[in-house]
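What follows is one structure encoded as structure tokens, with my remarks underneath.
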Amino acid sequence: MTILHTVFCDYLHGLHSVCIIQFFLLSREQKPFSVFSVWDRMSFQKVGPFEIFGWSVAGNETCVAVRKNGKVFGFDIGFSPRPLVLADYIFISHGHADHIGAITQHMKKRALNGLRGATYFMPKHLVPHVKAVCDSFTAMAEKHDSDFVGTFIPVEPGNRFELSDGWRVVSFSTYHSIISVGYLLYYRDPNGTEVPEIAYLGMLECNQRTGFYKFHIQKCRRWIYIFTDNNTK
Numbered sequence: 001m002t003i004l005h006t007v008f009c010d011y012l013h014g015l016h017s018v019c020i021i022q023f024f025l026l027s028r029e030q031k032p033f034s035v036f037s038v039w040d041r042m043s044f045q046k047v048g049p050f051e052i053f054g055w056s057v058a059g060n061e062t063c064v065a066v067r068k069n070g071k072v073f074g075f076d077i078g079f080s081p082r083p084l085v086l087a088d089y090i091f092i093s094h095g096h097a098d099h100i101g102a103i104t105q106h107m108k109k110r111a112l113n114g115l116r117g118a119t120y121f122m123p124k125h126l127v128p129h130v131k132a133v134c135d136s137f138t139a140m141a142e143k144h145d146s147d148f149v150g151t152f153i154p155v156e157p158g159n160r161f162e163l164s165d166g167w168r169v170v171s172f173s174t175y176h177s178i179i180s181v182g183y184l185l186y187y188r189d190p191n192g193t194e195v196p197e198i199a200y201l202g203m204l205e206c207n208q209r210t211g212f213y214k215f216h217i218q219k220c221r222r223w224i225y226i227f228t229d230n231n232t233k
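Position 103 of the sequence shown, counted from 1, bears residue number 103 in the UniProt record's numbering, the numbering being contiguous throughout.
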């Protein structure tokens, strides 16, 4: 299983904070991170049975995409690069702009690429606000048929939703300065056994040492975090 927000506690044992994009770059080039140096690296990285794309500039924009067996899941949409456009499902942790601000861009890019509207999971109080934003973008574009469409699923901790192709998602509470949720994705294998595959915490304040997420983290066969702190350069 994969917990999103750092790549592999196996490989990063003892490190408390790292940005997924910085890890990929430093592991390949051993040089300081530069935003401009990764514009041509907007692609998935092979990580065990998964392909992962992560992008996080603290306070500015955060998004993660995970692909397995051709299925792409997106986590937070503060930025909408090419790998995220492929995601039919987007799981949003909370309402800060750096985690949700590119949702209309995601809708527009999917429409331009001939893809159907995605399904967006988000804390339930965000749904009417997102719908209002979509209406505003449609009005500004002076169009009757909107490209800013999608299915908006209100989420509370403990909700369970059936997805397509044997996948299911369960939401859980996370700590943040505003209402927030995390997501745990299960996959039903050919034998009918549900296997926890991907967990997304979304909160930079999370730390596996606190014990709060122990239940969810113990389910994971593979851990991925993206924790950053003020010392990350």
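Cβ atoms here follow ideal geometry from the backbone N, Cα and C, with glycine treated the same way.
| query | Looking at the structure shown, is F137 part of a helix, part of a strand, or coil, going by DSSP? | reply | F137 sits in a helix when the DSSP states are folded into three classes.
| Going by the CB atoms, is the gap between P128 and V155 shorter than 8 Å? | Going by C-beta atoms, V155 is not nearer than 8 Å to P128.
| task | Taking only the alpha-carbon atoms, compute the straight-line gap between R82 and L184 and give it to the nearest angstrom. | result | C-alpha separation (whole angstroms): 24 Å.
| query | Do F148 and T119 come within 8 Å of each other at the CB atom, strictly closer than that value? | reply | No, these two residues do not count as a Cβ contact at 8 Å.
| How is R28 classed by DSSP in three states: helix, strand or coil? | Below a pLDDT of 50, predicted positions are generally treated as unreliable, and R28, at 36, falls in that range; the measurement from the model is reported next regardless. DSSP places R28 in helix when its eight states are reduced to three.
| Backbone secondary structure at D98 - three-state DSSP | Looking at D98 - three-state DSSP - the assignment turns out to be helix.
| request: Quick one: residues in its chain with C-beta nearer than 8 Å to the C-beta of R110, no 5 flanking neighbours on either side, listed in chain order? | output: Within the same chain, V85, R116, G117 and A118 come within 8 Å of R110 by CB-CB distance, once the 5 residues on both sides are set aside.
| task | Out of S146, V130 and D135, point me to the one whose CA is closest to I100's CA. | result | Looking from the CA of I100, the closest CA among S146, V130 and D135 belongs to V130.
| said: I want to know whether the segment 179 to 195 touches the segment 157 to 169 - three or more CB-CB distances under 8 Å. | reply: The way I'd put it, the segment 179 to 195 does touch the segment 157 to 169; three or more beta-carbon pairs between them come closer than 8 Å.
| field | Cβ-based burial, S171 [other Cβ within 10 Å; buried from 16] | value | Flag for S171 reads buried.
| query | Under a three-way DSSP split, which group does K143 fall into? | reply | Here K143 sits in coil by DSSP.
| task | Starting from the C-beta of E162, find all residues in its chain whose C-beta is less than 7 Å away, skip the five residues before and the five after it, and write them out in chain order. | result | The beta carbon of E162 lies closer than 7 Å to those of R168 in the same chain, with the five residues before and after it left out.
| query | In or out: D76 buried (at least 16 other Cβ within 10 Å) or exposed? | reply | Flag for D76 reads buried.
| Using the rule of at least 16 other Cβ atoms within 10 Å of the residue's Cβ for burial, across every protein chain shown, is P196 buried or exposed? | The residue is buried, with at least 16 neighbouring Cβ atoms inside 10 Å.
| query | Using a Cβ-Cβ cut-off of 6 Å (strictly less than) and excluding sequence neighbours within five positions of V66, which residues of its own chain qualify? | reply | Within its own chain, the residues whose Cβ lies closer than 6 Å to the Cβ of V66, once the five positions on either side in sequence are excluded, are F50, I52, F73 and I198, listed in chain order.
| request: Check whether the Cβ atoms of E61 and F79 lie closer than 8 Å to each other. | output: In contact: E61 and F79 (Cβ atoms closer than 8 Å).
| Simplified DSSP state of T104, which is helix, strand or coil | It is helical.
| task | Using alpha carbons as the reference points, say which of A97, N69 and H96 lies closest to A87. | result | Ranking A97, N69 and H96 by Cα distance to A87 puts N69 first.
| field | 7 Å Cβ shell around D98 - same chain, five flanking residues per side excluded | value | Within the same chain, Cβ atoms closer than 7 Å to the Cβ of D98 are found at G59, N60, E61, T62 and G78, the five residues on either side in sequence being excluded.
| field | Where the alpha helix (DSSP H) through P83 begins and ends | value | According to the DSSP assignment, P83 belongs to the alpha helix (DSSP H) that extends over R82 to V85.
| field | For P128, the three-state DSSP class (helix, strand or coil) | value | Three-state result, P128: helix.
| Buried or exposed (CB count within 10 angstroms, at least 16 for buried), S177 | Classified as exposed, S177 has fewer than 16 neighbouring CB atoms from the shown chains inside 10 Å of its CB.
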